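Structure, as structure tokens:
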Amino acid sequence: MTACTSVAPTAPGTPVSGAAYGVTPTPATIQGGSETMPPVAPREFRAAWVSTVANIDWPSRANLPAEKQQAEAIAILDRAKAMHLNAIVLQVRPSADAIYPSRLEPWTEYLSGTQGQAPQPWYDPLKFWVTQAHARGLELHAWFNPYRARHATAKSPPAHDHISRSNPAAVKTYGRFLWMDPGEESASKHTLDVILDVVRRYDIDGVHLDDYFYPYPIEAPGASGAETAALDGAYVPKAELEFPDQPAWQRYLLSGGKLDRADWRRQNVNKLIEAMYNGIHREKSWVRLGISPFGIGRPDRRPKGIVGFSQYDKLYADAELWLANGWLDYLSPQLYWPIAQPPQAYDVLLDYWVAQNGKRRHIWPGLLTSRIGAASKGVPAKEIVQQIGVTRSRAGAGGHVHFSMVALMENRQGVSDLLKAGHYIAPALVPASPWLGDEAPGVPAVSARREGNGVALKLTAGKANAQYAIWSRHGGEWRFAVVPASRVDWTVLDDPRSGPASAVFVSAVDRLGIESERIQVFKP
């Protein structure tokens, strides 16, 4: 169903549909189908991470008034919609704190400048993001850092209800960071409670974890870390500062535990992942769990020629096991290296993760789009375009995630323009997740009539409708649009080259990407 490979670029022209929230989509031809039947819907996960930590993406700085924060969020969502992205992965928990009101954790300092202080005037940023994303037909995945309790760049003191003060035994100092100890049951329970609280209270489409399980090691006794070297593909093992989990480790041994310390640490993380997957789907079956680990796999399984940092041995993240057990719905390995960098080659690593995917979950790799034009280790915009092309050529990979949205907002080296004119010329549906449920949604009720310079549609959602997929035929070409189910009116505009629509088809798509029967709603 990865039909995006059949999208043919066309010159921009008159919009297929009416403008929505200031974003006017341009018509795009999709290949396939026949004169009387449209082609399959394009399918591809197209997302971008929006980092709140250190104000990387949003808000642009701390202590902006609420109206400015909201305006910046709208600009990001409008750019995503205009580019034909279909999801945003928003960081909602940077360091055991929150961008939303919570009884479990304090407000993050990256909103107000002071941890524990709400944005002014008061509003709920996560609710705002979810509402505005869905109004544009975009998914909103809530991104949680599972164990970090304080970032090295934090400026304000921990709030009174921060876990470092309310449960100090569960938090350890590691270099310039505070870190929740995965070996402390109360720490893992706290993270699980936080995530399930968001799943219950907010209409999110996914829960997303990053690569920070146990921390990246720090050289002993200094304060420099392995993270940058790992990303650069230049990590060399050195004497490292031991993570201070001795109390939990000793309790485990005294209880009769038989695992060695490394396997015990991996087990601590594995327990959280399994509990999280099961807990999320008990709450809401359609909320998908995605994890974005470091992109190089276990040393004993790596393809020939691949070298670099081992998350399995250093972060105690057994991503291969999570895939094998089906404890996630999508994996976004951070494949942050060029195709032509043999020790960490993008295409070789992508093939590796596809081969590990026995449960046939989604593989949507992370791309380091923010390295475009960087002064050090920079890549050209065409590298990202080529990586998307490589991903599309693999049947087992159905999308990608850009790190991060700032590069697309700044259109670095014209990357946003290149993508919109090529790979993203047409919108796409998110690939379906049938293992979470495969019942087709109800067929929408649609009326259509010629009106002015187009075909006006009146849309009424059926059971479990989240979006409408709309095809229109102009001359010998099919056009495609994706419309949120909250829309009541939609106009398929005439094309200045090919004339008015000779046929319009509509189907419904549910929260899991399952499509209903297609119905023809207009024929002159």
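Residue numbers (numbering that gives the first Met the number 0): 0 to 523. We put the beta carbon where it would ideally sit given N, CA and C, even for glycine. Note that the structure is predicted; figures quoted are calculated from it, not measured.
Put simply, of His150, Pro157, Phe212 and His280 the residue whose alpha carbon is nearest the alpha carbon of aspartate 180 is Phe212. With fewer than 16 neighbouring CB atoms inside 10 Å of its own CB, proline 120 falls in the exposed class. Distances from the CA of tyrosine 173 to each of His161, Tyr122, Phe143 and Phe242 were compared; the closest alpha carbon is that of Phe242.
Contact check for alanine 274 and proline 292: beta-carbon distance about 18 Å, past the 8 Å limit, so the pair fails to qualify.
C-alpha of valine 482 to C-alpha of alanine 247: approximately 51 Å in a straight line.
As a beta-bridge residue in DSSP terms, isoleucine 518 pairs with Val505. Selection Ala420, Phe504 and Ser33 evaluated against alanine 444 yields Phe504 as nearest (Cα-Cα).
For threonine 130, the closest alpha carbon among the candidates Pro93, Ala439, Tyr201 and Trp57 is that of Tyr201.
Per the coordinates, the alpha-carbon of alanine 40 lies some 46 Å from the alpha-carbon of threonine 113.
Note that the C-beta distance between tryptophan 285 and arginine 510 is below 8 Å.
In the assembly as shown, tryptophan 128 is a buried residue. Its beta-carbon has 16 or more other beta-carbons within 10 Å. Using a 10 angstroms sphere on the CB of asparagine 464, the tally of other CB atoms reaches 16 or more, which defines it as buried. Residue pairing by DSSP places threonine 459 opposite Ala444 in a beta bridge. Sequence-distant Cβ neighbours of glycine 395 in its own chain, meaning closer than 7 Å and more than five residues away, are Val353, Asn356 and Ile362.
With 16 or more other Cβ atoms from the protein chains shown falling within 10 Å of its own Cβ, tryptophan 106 counts as buried. Residue burial is scored here from C-beta neighbours: aspartate 299 has fewer than 16 other C-beta atoms within 10 angstroms and is therefore classed as exposed. With a cut-off of 8 Å on Cβ pairs, the region 403-413 is in contact with the region 47-58, counting three or more such pairs.
If you draw a straight line from the Cα of glycine 397 to the Cα of leucine 288, it is about 16 Å long.
The Cβ-Cβ distance between glycine 296 and tyrosine 215 does not fall below 8 Å.
For the options Ser415, Trp434 and Tyr335, the alpha carbon positioned closest to that of glycine 377 is the one of Tyr335. Secondary structure note for phenylalanine 127: its alpha helix (DSSP H) is the uninterrupted segment 124-134. By the neighbour-count criterion, in which 16 or more other beta carbons inside 10 Å mark a residue as buried, aspartate 437 falls on the exposed side. A distance below 8 Å between beta-carbons, with the five flanking residues on each side excluded, links alanine 169 to the following residues of its chain, in chain order: Ile162, Met179, Asp180, Glu183, Ser185, Ala186 and His189. When beta bridges are read from the DSSP output, glutamine 69 appears opposite no residue. Counting along the chain, isoleucine 272 sits inside the alpha helix (DSSP H) bounded by residues 260-282. Rounded to whole angstroms, the separation of the alpha carbons of glutamate 138 and leucine 327 is 18 Å.
Scanning the region 54-109 for uninterrupted alpha helix (DSSP H) segments of 4 residues or longer gives 65-81, listed from N- to C-terminal end. For serine 515, same chain residues with a beta-carbon under 6 Å away, outside a window of 5 residues either side, are Ala439, Pro440, Val442, Ser506 and Ala507 in chain order.
Judged by their CB atoms, leucine 195 and glutamate 282 are nearer to each other than the 8 Å cut-off. Linking glycine 474 to leucine 492 through their CA atoms gives a straight-line distance of about 13 Å. Per DSSP, the beta-bridge partners of aspartate 494 are Gly498.
Around glutamine 385, the same chain offers Ile338 as residues with beta carbons nearer than 8 Å, after the five sequence neighbours per side are excluded.
Annotation for isoleucine 194: the continuous alpha helix (DSSP H) segment containing it runs 184-200. Listed as beta-bridge partners of valine 378 by DSSP are Ile371. Each residue's CA atom was taken as its position, placing isoleucine 518 and alanine 500 some 15 Å apart.
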